Structure formats: C-alpha cells, structure tokens
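Chain order of the listed sequences is A and B. First residue of the first sequence: 1, per my numbering; consecutive thereafter. First residue of the second sequence: 249, per my numbering; consecutive thereafter. We put the beta carbon where it would ideally sit given N, CA and C, even for glycine. Here the structure is a predicted model, which means the values were calculated and not measured.
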Amino acid sequence: MIAVDLDDVTKTYRGKHGAKRVFENLSVRFPAGSAVGILGTKGSGKSTLIRLIGGSTLPDRGRIRRQGLVSPPIANTRAYHASLSGRENIHFVARVNGLDGPTASAFVENFTGLGATLDQPLSTYTRESRARFLFAASYALPFDVYIADEALFGGSGPFRERCAALVQARRAQASFIFATRSPQMLRRFADIGGVLHDGQLQLFDRVGDAIRTFLALDKATPQSDDTLEEDDEVDEERDLDEPFGPLE
Amino acid sequence: MVDNVFFDHGDDRRTRHATLFDGFRTQARVIAALMLREIRLRSIHSRLSYLLAFVEPILQLVMMMTIFTLIGRRPDFGTSLLLFLGTGIMPFFLFTHVSGRCTGAIRASGLVRALTAVQPIDIMIARALLETATLLIVAVMLFSFIYATGVREAFPIQPIVAIQGFAATALLGIGVGLINGVIGSFFRLWAVIYGVASRSLIFLSGVFFVPDLMPPGIRYVLSWNPLLHGLEWFRSGFYLTYPTLTLSKSYLIGFGVASLLIGLALERVFRSRLI
C-alpha cells in the first residue's frame, strides 16, 4: 500500500535571485503504515518536499497522488484564524476534512488542560498555551498521513514528553512523513530513513543507513557545520512565532 | 485487510477509489465549511453583526426612496415607487455584491493552500454562494415588508419568472466573480476599480427606468448590458403587463455561462499562482 506517490515531479522556485530548480523528475513512493524520516541539509528542499506532499505548493510538472487524508504540517498555523477560538478553528479543519470536530476539540481540551482558554480567540493565547494547542490540535484529527517539517512535537516540561508519546501512539495508527536535520529525530520516530540530496530522495529500509549516508554527505559539504549545531528547537520556534494568518 | 474493506466503514474512504461523486461531495463539504467560517468571521465583534449584511442593502433602498419621494418622482411602472425601485435594486445588489465580494476572497480568507482539501476556487464559490443566500433572504424580507404595507403586487404574480430572473442574475454574478477573483489576486487595486465600475452600472441597468420606454437608440446601447436583462427578467415576474421587448434571456444566460467558463479557465491557468 502506498500513502503518497510522487510521480515525475518537477518544481522550480521563482525567488528574488532568479529561478531555482528544487526538484527535477523526482519520483518517490511513501509506503502506508510506516514513518518516513527525511534527512537533508539546509536548502536541500526538505520544506518544499513536505509542502508538495501536503498540497500547499503545486508542482510545475508531474503528479502527486494521496491515499487517504493528509494532515496539514504539524503545528502549522496557516489554517487557523487569530480571531477565532481554538475550538472553532479545530471544528473548521475537521469540517473541511469530513471529520468529527467535537471529538477532536474534546481531545485537545483533555490533552492540553487548556480548559476555558480553548474558547478564547487564538490571538490571546500565551506562548506556551499556543504551542500546546498547535501540537495537540495537529494530532487530534484522525488523518491517514501526518506530515511535519522539523517540528514533530513541542511544548515544555511534562507536556513535551506526553506530546512525544502522542506521536508514538499516532505512529501505530497512521503513516508519517517528516523532514528534519536531526539524525536523533530519525532514530526516535522513523521506521524508514530518507536522504534528500541534489534534488533526489533516497529511501533506506534501515534508519541507520540513512543517517550514515547523511553524515557522509554532510561532511563533504563545507558550510554544513553550523547547521548541524543548530537544534531543531530553532525551527520549531520559528513555526510558533508565525502569526495565525491575516486578520480581516 | 480485505475484511476491513467490507466491515469497517471507517476504512472505506481509504481503500476505495475516488469517484466523481466523491469529488462533488468533498467539494460541497468544503464549501459549506468555508461558508460557516465566513459567517462566523463577519460576526466577530458581536453575534448580531451579520445582521448588518441584511440591513445594509435595505438602508440604501430607504435612502433612495427618501430622495425620490422628496423630488416627487413617480414610478415608471405600476403604482408603488418602493416596489418599482425594490424590484430593480435587488437584482442589482445581487450582481454587484456577489461579483464584488469574490474579488478579494482568496486573500481575505488567509487559507491559500493551508489545507489540502481547500482550493482557491472553493473559497471564491463559498463567498459567492453566501452572498447569493444573503441577498435571497434580504429580497424575501423586503418584498414581504412591501406586501405588508398594502402593495399586493409585492407578491410576484409569476413567482417562477421572478425566481428564474434572480437565478440567472446570480449566475452572471458568480461568473463575473470568478474572473474578478483571479484578477484580484494579482492586482489588489482591482477591487476598487471594479467596485466603482460596477456601482455606476446602477444608472445603466434600468433600476430607475423601464428600458422599453426609452428611445430606440438608447435602448439599443443599454441592451448590451447583461445586468439590465437580469432586472427585466426579475421585474417581469412581478408585473403582469410589464413590457419586455428589450429582454433577451438567452443573452443574459449566454453571458453568464461564458463568464463562468472564462473564470474557470483563468483559475485553471493561474492555479499555482493564485494568492
């Protein structure tokens, strides 16, 4: 069974400094029921790949087929509106996907212990409750495939640990595709390892092989030292600092 | 695994191949969700603020009535000035509101490719349908009110004709709205330009006059305006003897369908760049 199938995908980004071809004729099949962790250095196209899979950017050429429901990237805020309450935002995402909203918001309420805060506008949330809300809400709906760009779990203190346990629980029920720069994350959460390099994705049945390949590539590229030093927390925080989308 | 397909309905949608019907069902679900969200977002400050959407067109009509009564204007047709203006202004508002609200729809929603299931076209359609539904409620309220004041003609003598006219005007609004939606996501200024242009149509669409009573030369020029035909169609449902020499239903529907197809084609061509 295939969860997501990328067939001959080409993607070019038009940036300020001209066009950059991120992928050319990329074909990958992500198996259903396993967690695929993708390693890649900065600028290797990890985020683009996750966005292509989630449909938040479209390929120039090629097809992307999804079996079942694919989640928005974990802790992504784009679907949420700052002036709507946490509960209303969850219900909207549930409704769009044809899933049960009240069950999901009840789960978030229990899991985060946010209580009455859940009925307040998202813009009033504190940093910690915002993080808790984003991660719990991401796993509250029964998607078939969860995707993540760097941030798989978050929050602080005991919540952080419970959130990591929640990821493990979801791994038993659904497929995962996540991109990261940290080999540690692969060891913890992946069944299958992948290395993204030069616009091609190589999958390894053993996570250890993926990590070895990645580290070898990483040594070969000179600028990569500082990127490894950076903790995945940095990217996580970057995601959380994003506003909840425009206010009308 | 095979057993699951038969016994577990939860697994059904994962294993079965998607059909065209599934596609429509998904789209309907997405559009309904977007409409509910839009209503909620418009009533952020107070639960009652969505009422403004209903009150606003009526207030504009009241203003117009006041001015016309002050200058002693008599209706071009029938005995009630309120009904004559009402039957003109409702299709006019329907068209300008539906086509105009689509212009900034994609950007305003903040949902550009935030969720796999939500496509830009759904955002535009959701706004257009919500606006149509709002105007339908306003129209029912308005004509019930006029009826209550003793004008028996406010209940359309040919309800089907009035409904057809309303629907055809909505089709035109949605078609032009889709084109606006695509243009609007490239040029922010388009909302302003189109807003001014569409509002000035009020003088060319027969809100204040009966096209058939105009001189032939003017009538010919006016007849190119598709919205005028929407008004004529709608109005002819209310008055039994309303002159409909100018009215061309096929022109209105043809214009509506053509703009709908152009809108859909533009959306397809620029899909990856719509903001």
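Residue i versus chain A: which residues are under 7 Å apart at the beta carbon?
{"i": "ALA365 of chain B", "result": "VAL96, ASN97"}
{"i": "LEU359 of chain B", "result": "ALA79"}
Does the beta carbon of residue i sit closer than 7 Å to a beta carbon anywhere in chain A?
{"i": "ALA362 of chain B", "result": "yes"}
{"i": "VAL399 of chain B", "result": "no"}
{"i": "VAL386 of chain B", "result": "no"}
{"i": "LEU292 of chain B", "result": "Residue 292 of chain B is actually Ile in this sequence, not Leu. Interface residue, yes."}
{"i": "SER520 of chain B", "result": "yes"}
{"i": "VAL278 of chain B", "result": "yes"}
{"i": "ARG295 of chain B", "result": "no"}
{"i": "LEU512 of chain B", "result": "no"}
State the beta-bridge partners of residue i as determined by DSSP.
{"i": "GLY40 of chain A", "result": "A:LEU196"}
{"i": "ARG65 of chain A", "result": "A:ASP5"}
{"i": "ALA19 of chain A", "result": "A:ARG14"}
{"i": "TYR146 of chain A", "result": "A:PHE176"}
{"i": "LEU470 of chain B", "result": "Per DSSP, none; premise fails for LEU470 of chain B."}
{"i": "ALA79 of chain A", "result": "For ALA79 of chain A, which the question treats as bridged, DSSP gives no partner whatsoever."}
{"i": "SER520 of chain B", "result": "Paired residue(s): none; SER520 of chain B is not in a bridge."}
{"i": "SER85 of chain A", "result": "A:PRO121"}
{"i": "LEU201 of chain A", "result": "A:LEU196"}
{"i": "VAL399 of chain B", "result": "DSSP, once it has assigned bridges, lists no residue as partnering VAL399 of chain B."}
{"i": "LEU26 of chain A", "result": "A:VAL9"}
{"i": "VAL70 of chain A", "result": "A:VAL145"}
Does residue i come out as helix, strand or coil in the three-state DSSP assignment?
{"i": "GLN173 of chain A", "result": "coil"}
{"i": "SER291 of chain B", "result": "coil"}
{"i": "ARG181 of chain A", "result": "coil"}
{"i": "SER224 of chain A", "result": "Caution is warranted here: a pLDDT of 44 is assigned to SER224 of chain A, below 50, making its placement in the model unreliable, and no coordinate value can be reported."}
{"i": "ASP119 of chain A", "result": "helix"}
{"i": "GLN406 of chain B", "result": "coil"}
{"i": "ALA32 of chain A", "result": "coil"}
{"i": "SER433 of chain B", "result": "coil"}
{"i": "SER297 of chain B", "result": "coil"}
{"i": "SER56 of chain A", "result": "coil"}
{"i": "VAL278 of chain B", "result": "helix"}
{"i": "ALA506 of chain B", "result": "helix"}
{"i": "VAL360 of chain B", "result": "coil"}
{"i": "GLY454 of chain B", "result": "coil"}
{"i": "PRO102 of chain A", "result": "helix"}
Using a Cβ-Cβ distance cut-off of 7 Å, determine whether residue i contacts chain C.
{"i": "ALA281 of chain B", "result": "Absent from the structure is chain C; the protein chains it does hold are A and B."}
Of all the CB atoms in chain B, is at least one closer than 7 Å to the CB of residue i?
{"i": "PHE176 of chain A", "result": "no"}
{"i": "PHE135 of chain A", "result": "no"}
{"i": "PRO73 of chain A", "result": "no"}
{"i": "ALA164 of chain A", "result": "no"}
{"i": "ASP225 of chain A", "result": "The predicted position of ASP225 of chain A is uncertain, since its pLDDT is 45 and thus under 50; no value can be drawn from it."}
{"i": "LEU6 of chain A", "result": "no"}
{"i": "GLY55 of chain A", "result": "yes"}
{"i": "VAL70 of chain A", "result": "yes"}
{"i": "LEU58 of chain A", "result": "yes"}
{"i": "SER123 of chain A", "result": "no"}
{"i": "SER83 of chain A", "result": "yes"}
{"i": "VAL234 of chain A", "result": "Residue confidence for VAL234 of chain A is low, a pLDDT of 44 falling below 50, so the modelled location carries little weight; the figure read from the coordinates is stated next. Not an interface residue."}
Which chain B residues are close to residue i, counting only those with a beta carbon under 8 Å from its beta carbon?
{"i": "PHE111 of chain A", "result": "Those within 8 Å of PHE111 of chain A in chain B number zero; the least Cβ separation is about 21 Å."}
Going along chain B, which residues have a C-beta under 7 Å from residue i?
{"i": "GLU88 of chain A", "result": "ARG288"}
{"i": "PHE92 of chain A", "result": "ALA281, ARG285"}
Along chain A, in chain order, which residues have C-beta atoms closer than 9 Å to that of residue i?
{"i": "ARG349 of chain B", "result": "Correct list: empty, because the minimum Cβ distance to chain A is about 12 Å."}
What are the complete beta strand (DSSP E) segments, minimum 3 residues, inside the stretch 319-351 of chain B?
-> none
List in chain order: all unbroken beta strand (DSSP E) runs of 3+ residues lying wholly within the stretch 362-392 of chain B.
-> none
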